Amino acid sequence: MTIIALLTTLSSAAALFIIVNGKFSMEEIVGPIGVTLLWTATLARTLQLKRKQTKKLVNNILTFEKRILDSQDEDIIDIFTRYALRNVLISKIYTIGVALDFLTYGFLPLLQSNPTSTKKTLPIVLWMPFNEQEHFTVAYAITCFYGFTICLFVLSADIFSFGLIIFPLSQLEILQQIFRNFDKYAIKMRSQLNTSWSKARMATLKKCVNLHQEIIQYIKDYNDLFRTVTLFDAIQSSVQLSSIVLEVVMTGPTLTKLLEAASFASSTLIRLFIYYWYADDVLIQSTRITQALIDSNWHEQPIEIQKMMLFIIMRSNRQLKMDLGQFTNMSLNVFITIIRASYSYFTLVYGTN
């Protein structure tokens, strides 16, 4: 699938290059620019997903899941399951959006028949080694095949990435659950280790510290892998959203064009919102560790335990962030900024044209 997606992206880029180097109008290139950038960003993300570091992240998830299930703690298992089910639901909604994209771009062009025009419209712009108008049926079948394949490609890469981002959310809430019910888990630890009460509390706290360090390391590894890809994706998403509006405005707002634009814009916004909502939730949940410790009976613990809890509170005041490039991080505020940037690109290009 990756090879087909690469060929589709190269073919789209080649077609765009031919358009730019010939006599063209702005409305001819705004559409191809948007989809070519999206496919390029997805290819870049997929290359990162195939690296050994990503396999390490996946192994961490599987190992943690086994630990959670082996614990037989219903409260913790419920937290982990709830986030897993949330991700399944969100992924289904996104899948519906991508499916509507394929259907609108695949079949609506057939309804755009204009008796005064001899040029027929294909679902996507690709370079082909033959005259597309003379062999329209073959060209249409090829573009539908490549379009369907790359839809699956984009869908698979995004859903996999959603899972990578939502995982630390479950870890953070599980850590809060343990802190809020510290004595409950210390009693369980005492029963497992058959040790003294003070040693059981210390072992429970060390387990929490280790989990916190795991979360910090996981997010660091994720950022090392994806911060550059995420920045490029944010930029291309801005251009993509503006190109959708530009294409409709410049070619004339027909019903089919409006339906295509609405479908593509909706799936793009859903996709962006999921990424930045999850990342924003990581910011929020990481600071709630402090509140979870305050809500526990920390003041009734031995001095040594209190000192360690104070250290954790100081550490958790530094938010855990999903990086967006080197200088900022993903959040819902950045999501709004991307939409505003799209409007700025639209007004600039439309005004210049």
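Numbering (mature numbering (1 follows the signal peptide of the UniProt record, and there is no 0)), first residue to last: -15 to -1, 1 to 338. Positions of the beta carbon are idealized from the N, C-alpha and C atoms, including for glycine. All of these numbers come straight from a predicted model, not from anything done at the bench.
Can you tell me whether DSSP reads residue i as helix, strand or coil?
i, result
"residue 111", "coil"
"residue 308", "strand"
"residue 239", "coil"
"residue 343", "Residue 343 is absent from the model: the chain starts at -15 and stops at 338."
"residue 302", "coil"
"residue 116", "coil"
"residue 350", "Since the first residue of the chain shown is -15 and the last is 338, residue 350 is not available in this structure."
"residue 314", "strand"
"residue 55", "helix"
"residue 17", "helix"
"residue 100", "Note that residue 100 has pLDDT 45, beneath the 50 cutoff, so the model's placement of it is unreliable and the number below is only indicative. Residue 100 falls in the coil class under three-state DSSP."
Taking the beta carbon of residue i as the centre, do at least 16 other beta carbons fall within 10 Å, making it buried, or is it exposed?
i, result
"residue 202", "exposed"
"residue 21", "buried"
"residue 17", "buried"
"residue 204", "buried"
"residue 108", "buried"
"residue 147", "buried"
"residue 314", "buried"
"residue 19", "buried"
"residue 88", "exposed"
"residue 260", "buried"
"residue 232", "buried"
"residue 197", "buried"
What does a CB cutoff of less than 6 Å around residue i pick up in its chain, not counting 5 residues either side in sequence?
i, result
"residue 265", "316 and 317"
"residue 263", "150 and 151"
"residue 298", "275 and 278"
"residue 100", "Because the pLDDT at residue 100 is just 45, under 50, the model does not fix this residue reliably, and the point stays unresolved."
"residue 117", "124"
Sorted by chain position, which residues of the same chain lie with C-beta nearer than 8 Å to residue i's C-beta, five sequence neighbours on each side aside?
i, result
"residue 427", "Given that the chain is displayed from residue -15 to residue 338, the structure contains no residue 427 and the question cannot be resolved."
"residue 304", "268, 271 and 272"
"residue 182", "171 and 175"
Please list, in chain order, all residues of the same chain as residue i whose beta carbon is under 7 Å from its beta carbon, the five residues on each side excluded.
i, result
"residue 325", "none"
"residue 323", "219, 222, 223 and 257"
"residue 86", "136, 248, 249 and 252"
"residue 145", "34"
"residue 217", "26 and 29"
Worksheet item: Whole beta strand (DSSP E) runs in the segment 174 to 203 with 3 or more residues, listed along the chain?
Response: The segment 174 to 203 contains no whole beta strand (DSSP E) run of 3 or more residues.
Discussion item. Count Cβ pairs between the segment 64 to 75 and the segment 148 to 162 that sit closer than 8 Å; are there 3 or more?
Written reply: Contact between the segment 64 to 75 and the segment 148 to 162 is present, because at least three Cβ pairs lie under 8 Å.
Item to complete: Scan the segment 124 to 159 and note each continuous beta strand (DSSP E) run of 3 residues or more that stays entirely inside, going in chain order.
Response: Residue ranges of uninterrupted beta strand (DSSP E) with 3 or more members are absent from the segment 124 to 159; none lies entirely inside it.
Discussion item. I'd like the ranges of any alpha helix (DSSP H) spanning at least 4 consecutive residues and lying wholly in the segment 33 to 97.
Written reply: Counting whole runs of 4 or more residues, the segment 33 to 97 contains the alpha helix (DSSP H) stretches 37 to 56 and 59 to 92.
Item to complete: Could I get the ranges of all uninterrupted alpha helix (DSSP H) runs contained in the segment 221 to 291, with 4 residues as the minimum, in chain order?
Response: Listed in chain order, they are 240 to 280.
Discussion item. With a threshold of 8 Å, are at least 3 pairs of Cβ atoms found where one atom belongs to the segment 72 to 81 and the other to the segment 129 to 137?
Written reply: Cβ pair count under 8 Å is below three, so no.
Practice prompt. Would you be able to state if there are at least three C-beta pairs under 8 Å between the segment 112 to 127 and the segment 40 to 57?
Written response: Taking a cut-off of 8 Å on C-beta distances, the segment 40 to 57 does not touch the segment 112 to 127, as fewer than three cross pairs fall below it.
Discussion item. Is it the case that the segment -13 to -5 contacts the segment 23 to 32, given that we only count it when at least three CB pairs across the two stretches are under 8 Å?
Written reply: With the cut-off at 8 Å, the segment 23 to 32 and the segment -13 to -5 touch.
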